[in-house]
Amino acid sequence: IKTLNLFLGHTAGAPPSSDVGTGGPQSFFSGTTPSSLVTAIGDTHHFLQEIGIKTFNWPEQQRDKLRSIGCGRASIPMNQNVKFSNNTLLKVPQTHCRASMEVQDASPRSTNSTNLQVHGLSETIVGVLGGGQLGRMLCEAASQMAIKVIILDPMENCPASNLCHYHMVGSYDDSATVEEFAKRCGVLTVEIEHVDAATLEKLEQQGVDCQPKASTIRIIQDKYLQKVHFSGHAIPMPKFMQIDDVEGAKRAGDLFGYPLMVKSKRLAYDGRGNAVAKNEDEIPMAVNALGGYSRGLYVEKWAPFVKELSVIVARGRDNSMLCYPVVETIHRENICHIVKSPANVSWKILKLATDVAYKAVLLNEVAPRPHNSGHQTIESCFTSQFEQHLRAVVGLPLGDPSIKSPAIMYNILGEDEGEPGFLLANQLIRRALRIPGASVHWYDKPEMRKQRKMGHITLVGPSMGILEARLKSMLREETEDDQPPAAPRVGIIMGSDSDLPVMKDAAKILREFNVPAEVRIVSAHRTPEMMFSYASSARERGIQVIIAGAGGAAHLPGMVAALTPLPVIGVPVRASTLDGLDSLLSIVQMPRGVPVATVAINNATNAGLLAVRLLGVSDIDLQARMAQYQEDRRDEVLVKDDKLEKHGWEDYLNS
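Everything in the sequence shown is counted per our numbering, starting at 64 for the first residue and increasing by one.
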């Protein structure tokens, strides 16, 4: 089945015969009267419908004139160019229509055929129900792999419309439309779960490959059914119960206490379908906000959470499963506002969240589509969630979900209606373009509304502290001259200002390599609370390496190393007694499990260089500059050797 292009022309003063049937872009409206043109279009449309073609494709320059009669795209089984002339098929005086085959194949194909020539990673046509921002980003990922994605969406100018291989305008809630759309697909998937599950079940019975399965969609659509399903498989969650009337809601309040989370069973996403009753008197207001009891409601016991974590897990057709890093999601008015990857929580919590996610997916594919909490994977992971979804549904091996760089994803939400909202979004985007590591994704939605997701910005960088500083800078209305100083990557600390003449050498090295650093006096003995606070918060603030100088008992480096997972470099400072040996031995004699990389006595220069090398493991630019630094030191030695050889040792010493 090939895609058919149609071109209208006329027989009086017709184009050269060599041009007929070539599929060229030239328009032939000149000399054709409007009435005969309309007749020709109508007859062409009628003929194609008679042979089973309901829509067909016109060239761009003719499309505007033909839009009024609903012309679109056509597929017809043919193997060569075909000419429709006035003497054969159409029988319309003074007009003719010509057609040519497009090279691309718009039909479903099996990936198991041994005779199939695969020109991309997969010849399977992926059909997506929904053409919003998730569909748009699926199309972007598909283009990199030469996978054809077609979408079904009721909006002619939906976000995915100008990036997909083909856009069928129609409702994914209409059974007949979905069935017609499925004929064009090798596999059918979704970008939103609020589709007609009954239609998907019918298609599966007809042999259509639906990913995820209709049974999964049916469970996911109804949040209450989802909770019931989870509770039957020992998935941890807040207590819940269905409410059908005021008495039921009050019983729930008596049982669970207040505040009480009231939720809609269906169509609950992006903050919709949730309401909070702080006490019994607020129950009617919460219920009315959700459309009343007839809509189908349930309540959850309030979870006094500290952070909300999200885990995305992908499952392949071979049942292999891969897990993305756990992220923290921050909501504003119940809508995802900011995502931090990775989440700054203990390893125990990360492991627990991952285990829960794996178990849930193993049971019923609880994450059957890309999610807002995974947008940052485009820039921050080796395989984005969108590429991973495509790999999974067409049967390709799953990609590496490992994180390449910490990231913050910021949702661009509508702050006002119409043009004022677009102006505010534009100002934010322009500020983002000045931020290092920022990538802007604009969804190209034609209408601006308050709290509507219009796009997102992803920031990537070496540490979460640096990213948070960049985010604050992006959200403030600053000029380029008002930019805040770069967030420090290295912390240089010492127990006394008497150590500063030694520790300044580390600061000089870091400045030479353009590594932002902070210099602080933090005493393990005189300010233990300050030391504890500094060490325990260093990672969250973006510090990646700590250089700690100490003399005498020299407890500072070891105490700091015990409080932070960051690498700590100890600098023994020569004191008035024992020539610094006491400091050296104190620092190097750390117990097992508390490592401190210790340099020579008073050698803060090497501490600075070691810090640069540690940062260079994940910073190619720093690694290259370190290589250049070593080359420069070699050249210095060669110059000195040459001078010594030319002038002799006496002149060398006297020069």
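Just so it is clear, CB atoms sit at the ideal spot from N, CA and C, and this is done for glycine as well.
Take Ile-346, set aside five residues on each side of it, and the residues of its chain with a beta-carbon closer than 8 Å to its own are Val-309, Ala-312, Lys-313, Gly-316, Leu-323, Val-325 and Ala-340, in chain order. For Glu-396, there is no enclosing alpha helix (DSSP H), since its DSSP letter is neither H nor E. Tyr-361 is bridged by DSSP to Gln-305 and Lys-326.
Distance from the CA atom of Lys-467 to the CA atom of Arg-281, rounded to whole angstroms, is 35 Å. DSSP, read as helix, strand or coil, puts His-452 in helix. Between the C-alpha atoms of Gln-269 and Ala-245 there is a straight-line separation of about 11 Å. Judged by DSSP secondary structure, His-710 falls within the alpha helix (DSSP H) whose first and last residues are 683 to 717. Per the DSSP secondary-structure output, Arg-583 pairs in a beta bridge with Ile-556. Put simply, the backbone Cα of Ile-298 is about 10 Å away from that of Asp-418. Pairing Gly-554 with Ile-606 gives a Cβ-Cβ distance under 8 Å. The alpha carbon of Gln-693 has as its nearest neighbour, out of Ser-465, Leu-266 and Leu-673, the alpha carbon of Leu-673. When secondary structure is reduced to three states using DSSP, Asn-220 falls in the coil class, being assigned neither helix nor strand. When C-alpha distances from Asn-669 are compared across Arg-655, Pro-635 and Ser-639, the shortest belongs to Pro-635.
With 16 or more other Cβ atoms from the protein chains shown falling within 10 Å of its own Cβ, Met-537 counts as buried.
Less than 8 Å divides the Cβ of Met-653 from the Cβ of Gly-621. For Glu-510, the three-state secondary structure derived from DSSP is coil. For Val-250, the enclosing beta strand (DSSP E) stretches over residues 250 to 253. In the same chain as Leu-487, and ignoring 5 residues on each side of it, the C-beta atoms closer than 7 Å to its own belong to Glu-478 and Asp-479, in chain order. Restricting attention to Ile-475, Leu-491 and Glu-531, the CA atom closest to the CA of Lys-513 is found in Ile-475. The residue from Ala-377, Lys-411, Val-582 and Asp-695 with its alpha-carbon nearest to that of Gly-612 is Val-582. DSSP lists no beta-bridge partner residue for Pro-483. In the displayed model, Cys-273 falls within a strand according to three-state DSSP.
Taking the Cα positions, Pro-579 is about 50 Å away from Thr-279.
Straight-line measurement puts the Cα of Val-374 at about 12 Å from the Cα of Ile-412. Just so you know, the alpha carbons of Arg-329 and Ile-529 end up roughly 40 Å apart.
Collapsing the DSSP output to three states places Glu-391 in a strand.
For the pair of segments examined, the segment 256 to 275 was found not to touch the segment 342 to 356: the number of CB pairs separated by less than 8 Å stays below three. Straight through space, the alpha carbons of Ala-239 and Met-200 are spaced by roughly 27 Å. In the three-state scheme derived from DSSP, where H, G and I count as helix and E and B as strand, Thr-521 is classed as strand. In the same chain as Gly-643, and ignoring 5 residues on each side of it, the C-beta atoms closer than 8 Å to its own belong to Gly-614, Pro-635, Val-636, Arg-637, Ile-664 and Asn-665, in chain order. For a cut-off of 8 Å, the C-beta gap from Thr-661 to Val-651 is around 5 Å, short enough to register as a contact.
Judged by pairs of C-beta atoms under 8 Å, the segment 392 to 411 does not touch the segment 482 to 497, as fewer than three such pairs exist. Glu-592 sits in a helix when the DSSP states are folded into three classes. In the three-state reduction of the DSSP assignment, Gly-295 falls in the coil class, being assigned neither a helical nor a strand state.
Contact between Ile-283 and Glu-256 is confirmed by a C-beta separation of about 5 Å, below the 8 Å threshold. Pairing Lys-703 with Lys-709, the inter-Cα distance amounts to about 10 Å.
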